[in-house]
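Chemist:
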Amino acid sequence: MKNFLKPLLFSGIAVLSLYSCDDNEDMMMDSEMSVYARISSDSDLSNLKAAVDKAGLSSTLDQSGTFTLFAPTNAAFATFLQANGYASLNDVPTASLKTLLMNHVLGTEVKSSGISTGYVSTLAIGPASATRPISMFINTSSGVRINGVSSVVATDIDVNNGVIHKVNSVIGLPTIVTHATANPQFSSLVSALTRSDMPNFVGTLSGTANSPFTVFAPTNTAFSSLLTELNLANLAAIPQATLENTLKYHVVTGANVASTNLTNNMTVTTFQGSTFKINTISGAKITDNNNRISNIIATDVQCSNGIIHAIDKVLLP
Numbered sequence: 278m279k280n281f282l283k284p285l286l287f288s289g290i291a292v293l294s295l296y297s298c299d300d301n302e303d304m305m306m307d308s309e310m311s312v313y314a315r316i317s318s319d320s321d322l323s324n325l326k327a328a329v330d331k332a333g334l335s336s337t338l339d340q341s342g343t344f345t346l347f348a349p350t351n352a353a354f355a356t357f358l359q360a361n362g363y364a365s366l367n368d369v370p371t372a373s374l375k376t377l378l379m380n381h382v383l384g385t386e387v388k389s390s391g392i393s394t395g396y397v398s399t400l401a402i403g404p405a406s407a408t409r410p411i412s413m414f415i416n417t418s419s420g421v422r423i424n425g426v427s428s429v430v431a432t433d434i435d436v437n438n439g440v441i442h443k444v445n446s447v448i449g450l451p452t453i454v455t456h457a458t459a460n461p462q463f464s465s466l467v468s469a470l471t472r473s474d475m476p477n478f479v480g481t482l483s484g485t486a487n488s489p490f491t492v493f494a495p496t497n498t499a500f501s502s503l504l505t506e507l508n509l510a511n512l513a514a515i516p517q518a519t520l521e522n523t524l525k526y527h528v529v530t531g532a533n534v535a536s537t538n539l540t541n542n543m544t545v546t547t548f549q550g551s552t553f554k555i556n557t558i559s560g561a562k563i564t565d566n567n568n569r570i571s572n573i574i575a576t577d578v579q580c581s582n583g584i585i586h587a588i589d590k591v592l593l594p
């Protein structure tokens, strides 16, 4: 029995060694390729490769750098084309396709071990700003979810100019609504905007009419504080007119106001019609019409139709 087991044991070790060598060779081959070469060699990314070629981005993804590509699979592209009424990739306008694809690319290399919940900047420049890159929100609370619409399904395909992570949906250009709904810290704001007796805020802030928008977005904590301040049980208890005016008071139309555009004693006219003051001494703050002060606690979430800044207190007109 021992003599019988010995050749089997050595045979198993030989097979294991052979597979280990093959795996290492595959890893070396990937690491020697560029982002473009790697997606060109992957049959599950052939639609992405065709899109990159059509958009004229092959040389970009072939050059030296430290890119992170969230690569939509073939199934993801097929769903995207069908959902947007395109018969084929050829029907997608080239300029729009280029911006869309760059919305999947970061200018820094981020391996799976370095991915954390928060905002990062893509290499896409959208219509709201000629200079500011569009933001991407990554949520790692359950897997890796991007902008609330796409999940990472394969990670850490290492290449010589960065890393590739496969995703199961094409990541569309995010609107104000996209980023508000993707970030769980804005769930109370979303609930307020979508209350049944409100105007169609979702339609407005998803579109381009009166855009770009600048939204000073209260966090969940800000809404909780407001309910305590007003001695109300929940959002549903806020009177309709009060809530509508309050929400409009947080929106500026026709301007993409980045943090670098904020100046001390700046007067801001809102969608509601009233104004508030911004003070930039010792941190950016907003003083509303009731002399209540809110801190701007996060800035410059760039969307395709505007920009979002987070605040820690609901403003009252």
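Throughout the sequence shown, residue numbering follows this note's numbering, covering 278 to 594 in sequence. Just so it is clear, CB atoms sit at the ideal spot from N, CA and C, and this is done for glycine as well. These figures come from a predicted structure and were not determined experimentally.
Quick one: is Asn582 buried, meaning 16 or more other Cβ sit within 10 Å of its Cβ, or exposed?
Modeler: Flag for Asn582 reads buried.
Chemist: Apart from the five residues on each side of it in sequence, which residues of its chain come closer than 8 Å, Cβ to Cβ, to Glu302?
Modeler: Per-residue confidence for Glu302 stands at a pLDDT of 45, beneath the threshold of 50, marking its modelled position as unreliable; the derived number appears in the next sentence. Counting only Cβ-Cβ distances below 8 Å, and skipping sequence neighbours, we find nothing.
Chemist: Could you please give the first and the last residue of the uninterrupted alpha helix (DSSP H) stretch that includes Leu400?
Modeler: Counting along the chain, Leu400 falls outside any alpha helix (DSSP H), though it belongs to the beta strand (DSSP E) covering 395-402.
Chemist: Suppose you measure from the CA of His586 to the CA of Asn416; what does that come to, to the nearest Å?
Modeler: One C-alpha to the other measures close to 18 Å.
Chemist: Under a three-way DSSP split, which group does Asn380 fall into?
Modeler: Asn380: coil per DSSP, three-state reduction.
Chemist: Let me check you understand the geometry: is the CB of Asp321 closer than 8 Å to at least one non-hydrogen atom of the ligand MN?
Modeler: In terms of ligand content, the structure shown is empty, and the ligand MN therefore cannot be addressed.
Chemist: Does the stretch 307-325 come into contact with the stretch 433-440, if we say contact requires no fewer than three beta-carbon pairs (one atom in each stretch) closer than 8 Å?
Modeler: A contact exists between the stretch 307-325 and the stretch 433-440.
Chemist: Tell me whether Asp565 is buried or exposed, calling it buried when 16 or more other Cβ atoms sit within 10 Å of its Cβ.
Modeler: Its Cβ being crowded by 16 or more others within 10 Å, Asp565 is buried.
Chemist: From the DSSP output, in three-state form, read off Cys298 for me.
Modeler: With a pLDDT of only 42 at Cys298, under 50, the local geometry of the prediction cannot be trusted, and no value is derived from it.
Chemist: Any contact of the stretch 368-382 with the stretch 461-469, i.e. 3+ C-beta pairs under 8 Å?
Modeler: These segments do not touch.
Chemist: Reducing DSSP to helix, strand and coil, say where Phe281 ends up.
Modeler: Here the model assigns Phe281 a pLDDT of 33, short of 50, so the residue's position is not dependable, and the following value carries that caveat. Helix, per DSSP.
Chemist: Using only alpha-carbon positions, find the residue among Ala518, Gly425, Ile453 that is nearest to Ala405.
Modeler: Among Ala518, Gly425, Ile453, the Cα nearest to that of Ala405 is on Ile453.
Chemist: Spatial neighbours of Lys388 within its chain, please: C-beta separation below 6 Å, excluding the five flanking residues on both sides.
Modeler: Excluding positions up to five away in sequence, the list reads Asp433, Val440.
Chemist: In angstroms, rounded to a whole number, what distance separates the CA positions of Val492 and Ser419?
Modeler: So the two alpha carbons sit approximately 28 Å from each other.
Chemist: Going by C-alpha distance, which of Ile574, Ala332, Thr557 is nearest Asp368?
Modeler: Measuring from the Cα of Asp368, the nearest candidate turns out to be Ala332.
Chemist: Nearest by alpha-carbon distance to Ile392: which of Gly403, Ala401, Phe414 is it?
Modeler: Checked all of Gly403, Ala401, Phe414; the closest Cα to Ile392 is Phe414.
Chemist: Could you check where the beta strand (DSSP E) with Lys443 kicks off and where it finishes?
Modeler: Note, Lys443: beta strand (DSSP E), 439-444.
Chemist: Have a look at Thr523 and Ile411 and give me their C-alpha separation to the nearest angstrom.
Modeler: Rounded to the nearest angstrom, the two C-alpha atoms are 27 Å apart.
Chemist: What does the Cβ neighbour count give for Pro489, buried or exposed, with the cut at 16 atoms within 10 Å?
Modeler: Classification of Pro489: buried, given that the 10 Å Cβ count is 16 or more.
Chemist: In the stretch 458-502, which residue ranges form an unbroken beta strand (DSSP E) of at least 3 residues, counting only runs that do not cross its ends?
Modeler: Counting whole runs of 3 or more residues, the stretch 458-502 contains the beta strand (DSSP E) stretches 490-495.
Chemist: Would you mind reading off the limits of the alpha helix (DSSP H) that contains Gln517?
Modeler: From DSSP, the alpha helix (DSSP H) with Gln517 extends over 517-525.
Chemist: Tell me the DSSP bridge mates of Asp435?
Modeler: According to DSSP, Asp435 bridges with Val440.
Chemist: Going by alpha carbons, who is nearest to Thr485 out of Val382, Ala532, Glu506?
Modeler: Of Val382, Ala532, Glu506, the residue nearest in Cα terms is Ala532.
Chemist: Got a sec? Which residues, its chain only, sit under 8 Å from Ala355 by beta carbon, not counting five neighbours each side?
Modeler: These residues qualify, in order along the chain: Asn324.
Chemist: In the DSSP assignment, what residue or residues form a beta bridge with Ile573?
Modeler: DSSP lists Ile588 as partners of Ile573.
Chemist: Looking only at its own chain, which residues have a Cβ that is under 6 Å from the Cβ of Leu400, when we skip the five neighbours before and after it?
Modeler: The answer, listed in chain order, is Met379, Val382, Gly384.
Chemist: Using DSSP with H/G/I as helix, E/B as strand and the rest coil, what is Phe354?
Modeler: Note: Phe354 maps to helix in three-state DSSP.
Chemist: If contacts are defined as beta-carbon pairs under 8 Å, then Arg422 and Ala535 qualify, I think. What distance do you get, rounded to the angstrom?
Modeler: Wrong, their Cβ atoms sit about 26 Å apart, outside the cutoff.
Chemist: Look at the Cβ atom of Thr350, then the Cβ atom of Asn445, and state whether they are nearer than 9 Å.
Modeler: It is a contact, given that the beta carbons lie within the stated cut-off.
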